[in-house]
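Undergrad: Have a look at this one.
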Amino acid sequence: MSGITWHYVLKFIITGDAAVGKSSLLVRLTDQRFLTNPDPTLGVEFGSKLIEIPEEGKIVKLQCWDTAGTESFRSITRSYYRGAAGCLLVYDVTSRASFTNARSWLADVREHADPHLTCILVGNKVDLCEAEDGTSNGRREVSTAEGELWAKEDDLLFVEASAKSGVNVEIAFEQASRDILDKIKRGVFDDDRSPGVKLSKPANSNLNIDQGSTRPTCCS
Amino acid sequence: MDFLSQTYIALRGPTGAPQTASETITKLSDRLSPGTLLADRRAAVLSLKGLTRDWKEDVGENALPGLLEVLQNDAEIDPDIGKAALETLNTLCEVDENTKDLALRHTEYVLAKEQPTHTLFALLGNSNFYIRYATIQLLTTLLQNRRQVVQGYFLKAPSGASSVIAVLEDKREIIQNESIALIQSLISQSPDIQKVLAFEGAFEKLFHTVTQENGVEGGIVSQDALKCVDGLLRFNTSNQSYFRETTLPSSLCSLLQFPPNLQIQDPVPQEFSLQFWDQQKLINVSLVIGIMGMLISSKGNSAPDSSVFVRCFTELALSSNAPTPLKTQALRLLPDNLTFPLSGVILTPYMPVPETNGEEWDRLEPASALDVLVELAVHGEYNGLYRDKRTTESLELRSAAATVFENFVNKEEIRQAIVQGMAPSEATNIPSISPLLYALCLPPSSPINFANVTSTHFATLLFAQLLSSSSRSKTLARSIKPHTAVPTTPAQGQFFVPADGPLREGAEVEDEDDDDSPQSLLHLFNENLSLAFLSRSRMESNDQEAREWDKLIIAYLCLLSQWLWTDPKAVREFLDTGGLGVLVEPINQTTDAESLIPGLCAFLLGICYEFNRQPGEITRATIHPIINRLGVDMLVGQMNRLREDDRFKAVGPTSIVLPYPTAISLRSGTTAPSETEGEIWFDWAFVDFWKSNQYTIQRGLGTDPNAMSPSAGASAESAMLISSLRDVIRSQAQELEEMQQKIGEASAWETKLSELQAQVSQMEARLVQTDEKIKNLRRSKRTCWYCWMRSAPSERRIRRGLGRLGLMFLRMRGMKKRMKKRKKIRTIYHCLSWSMC
Ligand SMILES: Nc1nc2c(ncn2[C@@H]2O[C@H](COP(=O)(O)OP(=O)(O)OP(=O)(O)O)[C@@H](O)[C@H]2O)c(=O)[nH]1
Ligand SMILES: [Mg+2]
């Protein structure tokens with residue numbers, strides 16, 4: 001409970017098809033671990049992490065809501081879009097279907113989320129592209145160029161990452177955070193009106209309890 | 001006027017003939033269709049609303065579809081029609097005594113499709129007071145009737161969460177009151193809804209409400225909002241981790257006036273320790289600390305804010321003027337594996353100044369939290385100020401303190417250090433006087449002092465916790481010499497000197513006849529116990545005072561049972577100071593009225609028999625005929641009678657305080673717990689101890705005096721015994737080694753060698769037998785198996801020891817005192833086979 005150590009709190013959501021590795025990315029971010037056998041997410045799970053954006057001199061607290069990719073939870077997970085400042089839209093580079101479906105996820109996000117939401121497209125599981133024989137393509141079904149192209153068309157940030165090896169995971173969140181901070185600087189959100197951004201306040205100012213008026217007399 | 005004439009036409013009917021009510025209702029219901037003019041629809045709804053009370057069934061049957069249509073099409077645009085439709089629907093769905101089925105049928109109709117519920121959640125976002133208010137009411141009714149269905153629709157409603165949050169922000173008091181009730185049932189048992197609301201900022205909004213209502217000083221709105229916070233967190237780990245990431249945990253501290261950044265060495269501010277309290281504030285604070293306790297227990301309590309919470313609880317319970325139930329709650333919320341440095345934290349307790357009605361307080365000398373905790377358990381709140389009143393509430397607090405103590409001394413080093421502190425120190429030979437020891441040794445006085453009995457009773461509970469399953473602590477305890485340790489002034493005065501004012505009276509120690517050799521603690525207990533038996537025998541059995549003597553006797557017997565268990569040296573001392581006579585008499589003179597004491601005496605007698613393994617005057621062979629004379633069946637019967645006693649059966653891990661019998665019969669349960677009198681007989685540790693060991697003792701009673709203890713393999717404490725035997729082996733092995741050196745110089749006697757070899761193989765053969773026995777035991781009883789598992793590694797070690805011994809014997813060529821040696825070996829063997837049976 002030692003004071004406030006961050007400048008901004010940013011709310012993130014992580015969406016995409018089931019089993020593309022959303023939970024794995026979050027666990028990698030928060031715990032530097034990789035689970036080979038995670039349970040499919042039911043509804044929504046929460047995780048958080050402090051990161052530093054050195055060139056802005058800011059410390060940012062990421063609050064991430066990892067959503068279920070399973071269709072039956074879709075209406076529940078939608079409730080989270082509206083309040084988010086950033087979104088990780090995840091697909092699996094070894095699954096073309098997950099890449100195709102990412103379009104419908106994006107449509108969902110665009111429909112329900114704040115118009116200024118920053119979205120980064122993340123192609124996960126690049127570790128699987130290093131095939132045993134040393135050729136560099138392995139089981140890849142979606143090329144980097146293809147991902148990049150779509151990201152550009154739809155005005156998304158883009159990165160390829162692996163929750164298993166950890167490559168580019170923190171970078172994905174950093175890039176998105178940097179973009180949000182930039183939007184704040186340019187005044188895109190008029191005074192912090194994005195639902196997903198909160199400025200830190202001086203310690204405990206959100207609770208001003210009147211003190212002192214009701215105190216027993218004490219004769220010591 | 002328009003409305004009246006419309007209604008009039010509707011009622012009169014086209015022909016002007018009077019209509020029945022159901023005809024009217026059918027007509028009005030027809031007018032709800034979108035084809036009709038808005039004004040007509042409005043008039044129809046208003047008329048239906050008026051008819052609903054008396055014609056619930058007819059209105060429900062005819063108007064429900066139309067009302068739902070109006071709700072969807074008109075409510076947003078026309079608040080009047082919206083309000084009337086909502087209220088009508090609410091009346092139709094509200095369950096009252098006579099129309100339960102009907103109301104549920106209507107509810108089911110409204111909930112048949114998701115659309116009406118979605119409309120309701122949209123209307124919740126409407127800022128018109130009447131619409132919002134009526135919507136909250138209808139949703140609450142629907143939730144009451146069919147919660148899960150509404151919850152399912154909520155999660156799919158496009159604007160559900162944001163509307164609910166908007167309602168939370170509403171400043172209008174009536175809305176505030178109603179909305180919190182709505183949220184409470186909406187989040188009930190639905191982790192998904194709890195998470196969505198947390199995400200939408202419900203925690204922040206609820207805390208805002210609490211703050212606006214003047215925090216814990218606030219009324220029912222504060223209370224409800226805190227309840228909601230609790231509901232969002234209680235069974236939701238995801239929300240808990242989110243909550244921890246916010247600044248709200250510190251806000252919880254601030255609500256209690258506790259500085260969230262307090263360092264361990266800093267004192268707490270007085271505005272935390274001394275506050276004004278009333279019933280509503282007690283409820284509010286109870287909710288706040290309930291939330292804090294949940295945040296401590298749901299994670300490894302290593303995180304920094306957890307230790308602030310622990311400190312806050314400790315201060316609230318031990319140094320503040322908070323109401324007693326809150327202190328109890330705070331102690332119970334402390335984590336079981338308390339890692340907090342209780343002895344290192346210095347508190348400044350307060351005491352109410354007498355006759356000032358709680359308005360003036362004295363600050364006492366600072367003392368360590370551990371000392372204050374012990375003092376609280378032994379003497380009660382405020383330095384024992386109210387120790388004469390043994391209310392249920394105050395005993396609950398003291399028993400909670402005893403439990404915290406138990407958890408704290410769970411670590412072997414800590415309990416040893418505490419017992420060590422009571423024993424004479426080598427340097428000065430003048431031991432420090434602990435308040436615990438002081439209360440433990442209070443001599444029984446006649447007429448009996450009720451408060452002292454309770455103090456001694458709690459002291460025996462704490463002391464038993466220090467000794468249980470720790471042979472080292474038991475050894476240390478045997479060296480305590482209370483007579484030199486207990487001075488004639490109250491020991492707690494040392495820690496708790498009021499800043500001004502005289503010492504508290506009431507705890508003076510009578511000067512006993514001076515004895516030259518200082519008495520041991522066991523000896524003293526023995527004396528006090530016989531004294532208590534003597535005084536007790538002079539009472540009528542239904543006497544109030546007799547009940548207190550019984551409690552004191554039971555307190556001593558419980559402590560002795562736990563102490564003497566697996567401690568042959570303590571058994572020796574107890575028997576040598578006359579313990580046998582003290583026990584046998586009460587078993588013999590049983591009256592029907594008392595079912596506890598004979599059973600406990602029988603149990604302790606059994607322990608004395610079982611663990612009488614040290615040479616001395618009173619051997620197992622001495623006790624055996626006594627047991628036979630009393631009759632094993634009779635002894636077992638006494639023990640079983642104790643088990644059946646309600647005072648024993650009613651004890652649970654966290655509930656040891658029982659209502660005092662006269663208090664129940666006289667006041668028939670209408671008094672508050674702050675008034676009702678309570679009492680304690682046993683703590684859970686003893687009940688647990690008894691239940692795990694009664695069978696062993698029972699079986700032991702029937703065994704031959706020469707038989708080895710069968711209990712060692714079958715009790716959870718065998719590991720301890722074996723480890724002490726291992727020590728014996730180790731030291732004897734060392735002796736043998738020394739011997740061997742001397743022997744090596746002497747000439748060789750080959751014949752001895754073969755003799756010894758024969759012995760070793762004999763021993764091995766018997767070890768195999770023992771193995772057989774173990775296997776049998778294993779087969780026959782699961783608990784035995786479990787214990788054998790636990791002792792298996794030590795058995796292996798013992799075997800290794802045996803092997804080593806064998807080798808040494810080989811080398812023992814020049815042994816002169818061979819007969820003596822052989823005897824020694826046999827003793828070792830006895831010990832071993834005893835431990836392994
Ligand atoms: N090789 C490899 N496997 C991964 C990676 N990330 C995730 N996985 C595996 O992919 C499977 C699914 O991972 P999850 O993190 O549960 O996927 P999810 O997107 O959270 O799935 P839902 O919660 O059902 O929506 C697991 O077996 C992971 O071990 C990665 O970067 N590389
Ligand atoms: Mg997942």
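Chains as they are written, first to last, in full-length UniProt numbering: chain A, 1 to 220; chain B, 1 to 837.
Positions of the beta carbon are idealized from the N, C-alpha and C atoms, including for glycine.
Using the C-alpha atoms, what's the distance from C64 (chain A) back to P323 (chain B)?
TA: Near 41 Å, if we compare the C-alpha coordinates of C64 (chain A) and P323 (chain B).
Undergrad: Are the Cβ atoms of F458 (chain B) and V409 (chain B) separated by less than 8 Å?
TA: no
Undergrad: In the DSSP assignment, what residue or residues form a beta bridge with N124 (chain A)?
TA: A:D92
Undergrad: Would you check if the distance between the CB atom of A402 (chain B) and the CB atom of L462 (chain B) is smaller than 8 Å?
TA: For the pair A402 (chain B) and L462 (chain B), the CB atoms are nearer than the 8 Å cut-off.
Undergrad: Just curious, the beta strand (DSSP E) that T15 (chain A) is in, first and last residue?
TA: Counting along the chain, the beta strand (DSSP E) containing T15 (chain A) begins and ends at 8-16.
Undergrad: With 8 Å set as the bound, which would you pick, yes or no: does the beta-carbon of V285 (chain B) sit closer than that to a beta-carbon of chain A?
TA: No, V285 (chain B) does not count as interfacial toward chain A.
Undergrad: Please list the partners that D192 (chain B) has in chain A, where partner means a Cβ-to-Cβ separation under 8 Å.
TA: G43, V44, I76
Undergrad: Tell me whether the region 615-627 of chain B and the region 358-373 of chain B touch, counting them as touching only if at least three CB pairs, one residue from each stretch, are closer than 8 Å.
TA: Too few Cβ pairs lie closer than 8 Å, so no.
Undergrad: Would you check if the distance between the CB atom of G231 (chain B) and the CB atom of Q280 (chain B) is smaller than 8 Å?
TA: no
Undergrad: Tell me, please, which residues DSSP counts as bridged to M351 (chain B).
TA: Looking at the DSSP assignment, M351 (chain B) forms a beta bridge with B:D362.
Undergrad: Check whether the Cβ atoms of Y80 (chain A) and V27 (chain A) lie closer than 8 Å to each other.
TA: no
Undergrad: Can you tell me where the beta strand (DSSP E) with D66 (chain A) in it begins and where it stops?
TA: 58-67
Undergrad: Is DSSP giving T118 (chain A) helix, strand or coil here?
TA: Secondary structure at T118 (chain A): strand, using DSSP grouped into helix, strand and coil.
Undergrad: Using a Cβ cut-off of 8 Å, pull out every chain A residue sitting near Y242 (chain B), in sequence order please.
TA: F46, S48, Q63
Undergrad: Can you list, in chain order, the stretches of the alpha helix (DSSP H) that have 4 or more residues and sit fully within the region 92-176 of chain B?
TA: Taking 4 residues as the shortest admissible run, the region 92-176 of chain B contains the following complete alpha helix (DSSP H) segments, listed from N- to C-terminal end: 100-110, 114-124, 129-145, 147-156, 160-169.
Undergrad: Between the Cα of L635 (chain B) and those of B:N588, B:E617, B:T622, spot the shortest distance and give me the residue it belongs to.
TA: B:N588
Undergrad: Might you give, ordered along the chain, the residues of its own chain that have their beta carbon closer than 7 Å to the beta carbon of N101 (chain A), omitting 5 neighbours on each side?
TA: D17
Undergrad: For L342 (chain B), does the three-state DSSP call read helix, strand or coil?
TA: coil
Undergrad: Using a 10 Å radius around the Cβ and a threshold of 16 neighbouring Cβ atoms, would you call N62 (chain B) buried or exposed?
TA: buried
Undergrad: Along chain B, which residues have their Cβ under 7 Å away from the Cβ of S104 (chain A)?
TA: Chain B residues near S104 (chain A): none, gap ~18 Å exceeds 7 Å.
Undergrad: Report the residue ranges of all alpha helix (DSSP H) runs contained in full by the region 55-98 of chain B; include only those spanning at least 4 residues, in chain order.
TA: 56-73, 79-93
Undergrad: Am I right that N693 (chain B) and W565 (chain B) are in contact with their C-beta atoms under 8 Å? What's the rounded C-beta distance?
TA: 7 Å
Undergrad: Figure out for me which residue from B:M639, B:P518, B:Y350, B:P269 has the closest Cα to the Cα of P482 (chain B).
TA: B:P518
Undergrad: Can you tell me whether DSSP reads P424 (chain B) as helix, strand or coil?
TA: coil
Undergrad: Check whether the Cβ atoms of G579 (chain B) and N612 (chain B) lie closer than 8 Å to each other.
TA: Not a contact, by the Cβ cut-off of 8 Å.
Undergrad: Pick out whichever of B:A44, B:P79, B:E679 has its Cα sitting closest to the Cα of R398 (chain B).
TA: Per the Cα distances, B:E679.
Undergrad: Excluding five sequence neighbours on each side, which residues of the same chain lie with their C-beta closer than 7 Å to the C-beta of K227 (chain B)?
TA: Q184, L287
Undergrad: Ends of the alpha helix (DSSP H) at residue 261 (chain A)?
TA: One cannot answer for residue 261 (chain A) here, as it falls past the ends of chain A, which runs 1 to 220.
Undergrad: Taking C-alpha atoms, which residue in B:I418, B:Y438, B:L442, B:N337 lies nearest to L467 (chain B)?
TA: B:I418
Undergrad: What I want to know is whether the C-beta of P115 (chain A) ends up closer than 7 Å to one or more non-hydrogen atoms of ligand 1.
TA: no
Undergrad: Closer than 7 Å, Cβ to Cβ, to anything on chain A: give me those residues from the region 467-480 of chain B, in chain order.
TA: none
Undergrad: How many angstroms separate the CA atom of L376 (chain B) from the CA atom of M639 (chain B)?
TA: 33 Å
Undergrad: Determine the DSSP secondary structure at G290 (chain B), reduced to helix, strand or coil.
TA: helix
Undergrad: With DSSP run on the structure shown, which of helix, strand or coil describes S47 (chain B)?
TA: helix
Undergrad: Roughly how many angstroms lie between the CA atoms of P34 (chain B) and Y153 (chain B), to the nearest whole one?
TA: 25 Å
Undergrad: Taking the Cβ atom as the reference point for each residue, do I136 (chain B) and S179 (chain B) lie within a distance shorter than 8 Å?
TA: When the beta-carbon positions are compared, I136 (chain B) and S179 (chain B) come within less than 8 Å of each other.
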